[in-house]
Structure formats: structure tokens, C-alpha cells
Amino acid sequence: MSINRRHFLGGSAALTGAAVLGYPAAAADAIKLGSVLDSSGIFDAYGKPMDMAMRLAVADINNAGGLLGRPIEVVAYDTQSDMALYSQYAQQLTREDQVDVVHGGILSASREAIRQILRKSGTLYFYNVLYEGGVCDRNIFINGVTPAQQVEALVPYAMNKVGARTVYILAADYNYGQITAKWIQKYVGDNGGETVSVDFFPLDVSDFGSTIAKIQSTAPDLVIAPLVGGAHLSFFRQWAAAGMKARIPLASTTLGVGNEHKVLTADEGNGIMVAYNYSQELDTPKNAEFKRKWAAAYGDDTAIHEIAVSNYQGVLTWAAAVREAGSLERDSVVAALETGISVQGPGGTVTVDPRTHHAVLDVHLMEIENQGMTVIDTLPRRQPIDTQAVCDLEANPDDNQQYEIEI
Amino acid sequence: MDFILVIVVEVLYAIGALVLISAGLAVIFGMMRVINLAHGEFMMLGGYATITAVDLGVNVFLAMLVLAPAVVGVLGLVVERLVIRHLYGRLIDTMLATWGLSLLFVGIVTMVFGNTTTGISTPIPGFALGDYQVNGYNFFIVLVAAALLFLMLAVLRSTRSGLIARGTMQHADMAASLGYNPDRIYMLTFACGSALSGLAGAVLAPLVGLVPTSGGAYIAKAFITVIAGGPALIAGLASSAGVFGLINQIFSFAVSPVVGEVALLVAAVVLLRLLPRGITDRLFRESL
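The listed protein sequences correspond, in order, to chains A and B.
If you're matching positions, the first sequence starts at 28 in the working numbering and goes up one per residue.
If you're matching positions, the second sequence starts at 1082 in the working numbering and goes up one per residue.
What follows is the structure in C-alpha cells.
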């Protein structure tokens, strides 16, 4: 988007005219929703469906008459899986486009790249992705599951199901994997088990032969794998190719977030235990309706995944707060969100936790089955207890950091 | 005891994988002195050719061992005609041109196949080695690598075309004066090298997922292996792959796969300090 002199003059003239005549000029003006997502590049498997979900949510709201009687206009930028573009586009969204809210960011690095820009400019920010927890900032609202919400549910389930006492952890070697591995160790201990080894892998490691042999030499009862990205997907292939699936059960905190279970064959994926807020196989009226709408908009519903649904629920939450506040002004919207506003999304009820600006949400225990995620059990209303342990925005509204949570 | 056997299998596999990764480059860079920075992308294309063929219902072994090398070989032929043949003897220019090619291939594949990880399952089941389960596909890779080395040796040493190719690479003018057309021989050799790269990408595809940028993971290892191998094509390839594969796996088992990769690179630096012109500059001097 660019502004040339003619547009600028025209716009100024219109504004002046409106001001002079005293028209309710804002009535028909669109509300601007800013979005920054990696819709291309190596993270597009995450970003594209998130973008689709955001647009679907906006279309829903507009079809129902918009917000405060005004339509929503999407101002979206594709950050191309390039972290440098995030700060550039965030500046653009706040300065030039002057959007009313920003939804977006996928990797934690991208979130941290734009969080301060949006905070300084007073632009409300929604980060709608599963992440490692600990961000404490009054300007941001986060509705993805955090390790405590997910791992606290997954570890006892997986350990009880297979009667495991010893657990081997394979994690991605960056903040998400490191922090999640700590939480897994904690809950393995709390459930009377023992972590026999923790191995970390940079994101480009794709050869797990020696690891698979090592795992066998320690013979754990269960392997939990918070591995991330396309290269790490090879682990699940090689595990199956070595015939290990029948011997040692697997659980993961990440497999399926970007629909990876649809890339693996049924044989490779079957039986892997996971826990998320959303599954396409979730049998609820809300999900059926959501999938129907998605299919109507995009042809088929196969692209839907965990963080696309988070993004959808994030937009719904923001819209509910704007309605409640009756205003787009940041502080009144934040105040409305802090009343503990709830929305019904495809993944269940999502409630804002006023103290941390994270979400209280349902976590579903699932098993991968024939390239789908079959829901075994639903744990309703899980609190983000990891972030709650360090962050209290009611007591310290000026807090502005990401805590590393001591476990 | 079983664990030692498993380590032996993994070491053989690592060596085999290095041989495969580097074979195409050994021909194109080792023999022809063309710095092919698009080597990784040739491999990636071999992988995509295999996956596409398998999705269309072609037998996976046929796709890997015949189709993918053929597709990438033809592509190499086209690339040689359009780009490389104008640049023989101009090292820096070929680097730039092939780097551009690699970007082009990544872009095209991204447009056609998208930027998400794809892959196929390994076609060979795992089997038990004592108390351990081993990936049966590892043996396949070792077999293919061994067969490849043997085949390259046989072609270069015992066939007339091998002799002509070697002669042309050493003295193109001399070969020309004997009535051979160096232009044609360069073209065919480049195509053969490309086909080998395609084969490597195809055979490794079921083990690791594939994205358009997968090639980048191989390029450094391939160059290191070929350069450390030195002047003898096959003995160099086998010996440097042997050294690096062994070191990589020992450290992978002892510490972690990451340290294994680091150890490989450290070994390469040390080796090139001690033998700046490669292993076969000192050892196995008379071999091919």
C-alpha cells in the first residue's frame, strides 16, 4: 500500500469536509485489523492456514454486521518466514496503516521482534500460537496452550496408558524445546517416573539413526518428543522404519500442530499420543460448523490445524471484547478482556485469564489414528499455571518481560 | 555385543550416505573441475522426482534407482548445454552461475510443490539385530553405495568410454586431436554426474523429509568429502567418506548427533591441514 499526494489530498479534503459538516464520519469507516504471518517460506505450513482462519473469522463478523456497526478491514503482511520483516511490517502497521489491533507472529522470535513495537505504539496485540509460556505484558493477549497446560495433561495420560516408569526425552534445541523438556521432566517426576535421558537437536538435524540405537540401549518405557519442523519429522519416519513403534510408545507435544500427522503415513503416525486444544476429529457442533464454513470458503477443510484455530479464536476473543467495551480504544478493550471474557471456538470455550492475559482452555488428549487425531479424553478449563506462577498483571500492570519459569 | 553390531551398521550407513551424497560431485567437481553449487538442488530434485513418481503409482525402487537419475541426468544435460559449457575453466563464474541455478531450482520447486515437508515411507521394514531393532533401509543405502563405487570403478577403468572421459578431463586438446569431441564428452560426463546426484537424492528421500531447500544440508558435506578425498576419484571418495563417516558416528554415539557433525567438520579441517591436497595425494596414489 502506498500513499500518493492525490490520495492524501483527497483524504484530507474529505476529512475536513466531514469535520466541517459535522457528519458522523466514522460510522462507515472500516475497523483495521492488522495481521503479520509467514504465509510463505519455510513456516508457511503454519502461517497459511492461520491467515485463512483469520480471514474466515473476519468474514464471519462482517457478515453478521461488523463490529460497532462498522466493517472490519484486514491489513495483512506476509513476513515470508523472515524475522527481519516482522519489525518492518509492525512499524508499517502501527505508523502508516494505524491499525486498531494486530494479530500475528508464529515463532517466539517473531513475537519478541514485534511485541515492544506494538507496546510502545499502544496497539493491542494478540499472539495466537502454542508456545513456551512466560510472557508478561499488559498489551499482549495469548491464547495458545503453554507447556504446563499441555504437558501436565499429556505426561500422566501417556505414562498411565503404557505403564511407564522410565521416560526418554528428545527435544528441539531452542527455547521452546528446552523449556518444554524441563516441564516434561517435572511431570514425569511428579507421576513417580524417572527421566533417563534428555537429548536436544538443532532444527536441521534429520538423521536419528544413532539416537534410535541409543534409546534402545537405555530401553525406556516411553519416549516423549517435543521436536519441531520438517527435518525433525524424519525422527518419526526412522523410528517406524526401524520397527520401534511396536516396542516403545511415543508421545509428542508438537507433532500435528502444523498437520505433520498428515505428512506421515498412517503406519508411521498411528498410536502417537498428543494433547492439544484442537483436533479436526473433535466431535462438537462448534467444530462441525467451523469445518463447514472453512470448506465453504476454501474448498476443503484439510488445512485446518491447531494454531489456525487459535488464530480464529483470537480474532473472536478480540471482537467479543470490542463489543463489550463498545469502543476500539486500547485501554477499554483491555479492560473488557480483563473481565475474563469467554468465546466458544472450535476447540471449546476459551476464557481470558485476567492476571496473565493468557487463556484458560480445554485440552484434549488424543492419539494419532489414520492421519487424524482421535480424541480420547477432554480436560476442561486448564489454567496456564506456568505463567500464572510468575506473572500477575493485576498487581504489576507495567510488567514487560518474558519470564523463564523456574521449575 | 549387539550394541557394537548396531554401531557397526550405523557407521557403514554413515559412510554409504557420504559416498552417495558426494559421488555426483566427485564427477562434476573432482573430474571436471566445475564447482557445482547446485549439487544439493540436483539431489533435492532427485528426491522430488521419486516422491512424485511414487505418488503416481510407480514402484518405489524403480522410481529411486532408474527414474530419478534419468530425470536429473537429462536436466543436467540441459543445464550443461545452456549454462555450464560456456563457463569451463572459469571457476568463479561457474560458482556464481550454479549458485544462481540452485536458487532457481529452489524457487521452481517451491512454486510447484509448495514449501511444506513431504516424504515417503521407507520401503524396507526394520529388523532385529539381537536385542536391537535396526532400520532395514540402512542396509539398502550401504548396498547402493557399494554398488555405485564398484560400478564407477568398472566404468572408468574397464570401459572405453571411461578411458575416453578420463583422458578428455586430463587433456582435452589431446583427446580432440585423437578424434574425440571434448564438447560432447564434457556434456555426457556432466549428465552422468547429475544423474548420480539425482540417485543420491532419491535414495535418501525416504529417510529424511523433503523441502525445496533440503539441498543445502548436503552441499557442504559433499564438497568436504570430495576435496578431502583428493585427486583419485574413487579411492578418494571411499577413503574420505570412510574417515568422516566413522568419526561422525563415533561421536554421535558417544555424545550426540550434533557433536558428531562438529567432529566431522573438525576432522576435515585437521585432515586438510595435514594433507592439503587430499588423502589420495599421499595414500593410494596409483589408484583411480
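Beta carbons are placed, not taken as given, at the ideal position from N, Cα and C, and that holds for glycine.
Keep in mind that this is a model prediction, so the values were computed, not measured.
Exposed unless 16 or more other CB atoms sit within 10 angstroms - verdict on residue i
i: Val1324 (chain B); result: buried
i: Gln1386 (chain B); result: With chain B represented from 1082 up to 1369, any question about residue 1386 (chain B) goes unanswered, as that position is not in the structure.
i: Leu83 (chain A); result: buried
i: Val1414 (chain B); result: Because chain B in this structure spans residues 1082 to 1369, residue 1414 (chain B) falls outside the shown range and cannot be described.
i: Met1192 (chain B); result: exposed
i: Asn155 (chain A); result: buried
i: Asn1262 (chain B); result: exposed
i: Met300 (chain A); result: buried
i: Arg1166 (chain B); result: exposed
i: Glu1367 (chain B); result: exposed
i: Leu48 (chain A); result: The pLDDT assigned to Leu48 (chain A) is 43, lower than 50, so where the model puts this residue is not dependable, and the model offers no usable value.
i: Ala1178 (chain B); result: buried
i: His259 (chain A); result: buried
i: Asp1212 (chain B); result: exposed
i: Met1082 (chain B); result: exposed
i: Pro424 (chain A); result: exposed
i: His1252 (chain B); result: exposed
i: Asp56 (chain A); result: exposed
i: Ala273 (chain A); result: exposed
Strand pairing of residue i, partner residues [DSSP]
i: Gly399 (chain A); result: A:Glu396
i: Tyr104 (chain A); result: A:Val63
i: Ala198 (chain A); result: A:Phe227
i: Gln429 (chain A); result: A:Val162
i: Glu221 (chain A); result: A:Thr193
i: Phe168 (chain A); result: A:Phe153
i: Val1284 (chain B); result: According to DSSP, which records beta bridges pairwise, Val1284 (chain B) is partnered with nothing at all.
i: Ser369 (chain A); result: A:Thr378
i: Arg409 (chain A); result: A:Leu388
i: Ile144 (chain A); result: Ile144 (chain A) pairs with nothing; no bridge assigned.
i: Val301 (chain A); result: A:Met393
i: Phe1208 (chain B); result: B:Val1215
i: Ile99 (chain A); result: A:Ile58
i: Thr1199 (chain B); result: B:Leu1291
Cross-chain neighbours of residue i in chain B, by beta carbon under 7 Å
i: Ala269 (chain A); result: Gly1207, Gln1214, Val1215 and Asn1216
i: Asp226 (chain A); result: Ser1337
i: Gln243 (chain A); result: Tyr1213 and Gln1214
Within chain A, partners of residue i - CB distance below 9 Å
i: Gly1128 (chain B); result: Here the premise fails: no neighbours, minimum Cβ distance about 12 Å.
i: Ala1298 (chain B); result: Asp231, Ser233 and Ala258
i: Leu1288 (chain B); result: Ser233, Asp234, Gly236, Ser261, Arg264, Gln265 and Ala268
Neighbouring residues, chain B, relative to residue i (Cβ below 9 Å)
i: Gln107 (chain A); result: Here the premise fails: no neighbours, minimum Cβ distance about 10 Å.
i: Ser137 (chain A); result: Neighbours of Ser137 (chain A) on chain B: none; closest Cβ ~17 Å, over 9 Å.
i: Asp248 (chain A); result: In chain order: nothing, as chain B lies at least about 16 Å away.
Residue j beta carbon less than 9 Å from that of residue i
i: Gly220 (chain A); j: Ala175 (chain A); result: no
i: Gly1274 (chain B); j: Ala1309 (chain B); result: no
i: Gly374 (chain A); j: Leu388 (chain A); result: yes
i: Asp78 (chain A); j: Leu64 (chain A); result: yes
i: Leu1369 (chain B); j: Leu1314 (chain B); result: yes
i: Arg146 (chain A); j: Asp127 (chain A); result: no
i: Ile1245 (chain B); j: Ala1257 (chain B); result: no
i: Phe228 (chain A); j: Pro1338 (chain B); result: yes
i: Val223 (chain A); j: Thr207 (chain A); result: no
i: Ser261 (chain A); j: Gly1326 (chain B); result: no
i: Lys59 (chain A); j: Val102 (chain A); result: yes
i: Arg1114 (chain B); j: Leu1172 (chain B); result: yes
i: Glu168 (chain A); j: Tyr158 (chain A); result: The sequence shown places Phe at residue 168 (chain A), not Glu. No, the pair does not count as a contact, with Cβ atoms beyond the cut-off.
i: Gln1214 (chain B); j: Phe1208 (chain B); result: yes
i: Ala346 (chain A); j: Val255 (chain A); result: no
Near the ligand MG: residue i beta-carbon under 8 Å from a heavy atom
i: Leu1101 (chain B); result: This structure lacks the ligand MG, and indeed carries no ligand of any kind.
Residues that residue i contacts on chain A, provided the C-beta gap is smaller than 7 Å
i: Val1087 (chain B); result: Ala240
Interface partners of residue i on chain B, CB under 8 Å
i: Gly68 (chain A); result: Asn1196
i: Ala191 (chain A); result: Per Cβ cutoff of 8 Å: no residues; Ala191 (chain A) is ~18 Å from chain B at best.
i: Ala72 (chain A); result: Asn1196, Thr1197 and Thr1198
Listed by chain order, chain A residues near residue i by CB distance under 8 Å
i: Asn1219 (chain B); result: Gly236
i: Gln1251 (chain B); result: Within 8 Å Cβ-Cβ: nothing; Gln1251 (chain B) doesn't reach chain A, min ~37 Å.
- Is it true that the region 409-422 of chain A meets the region 375-386 of chain A, where meeting means three or more beta-carbon pairs spaced less than 8 Å apart? yes
- Query: Does the region 327-337 of chain A come close enough to the region 298-307 of chain A that 3 or more CB-CB pairs lie under 8 Å?
  - Reply: yes
- Query: With contact counted as at least three CB pairs below 8 Å, one residue from each stretch, are the region 338-349 of chain A and the region 264-283 of chain A in contact?
  - Reply: no
- Assess, as a yes-or-no matter, whether the region 1299-1306 of chain B is touched by the region 1140-1155 of chain B under the definition of 3 or more beta carbon pairs within less than 8 Å. no
- Message: Check whether the region 314-327 of chain A and the region 184-200 of chain A are in contact - that is, three or more C-beta pairs closer than 8 Å.
- Response: no
- Query: Within the chosen definition, does the region 1088-1105 of chain B reach the region 1275-1285 of chain B through at least 3 CB pairs nearer than 8 Å?
  - Reply: yes
- Query: If we count Cβ pairs, one from each stretch, closer than 8 Å, do we get three or more for the region 280-296 of chain A versus the region 262-271 of chain A?
  - Reply: yes
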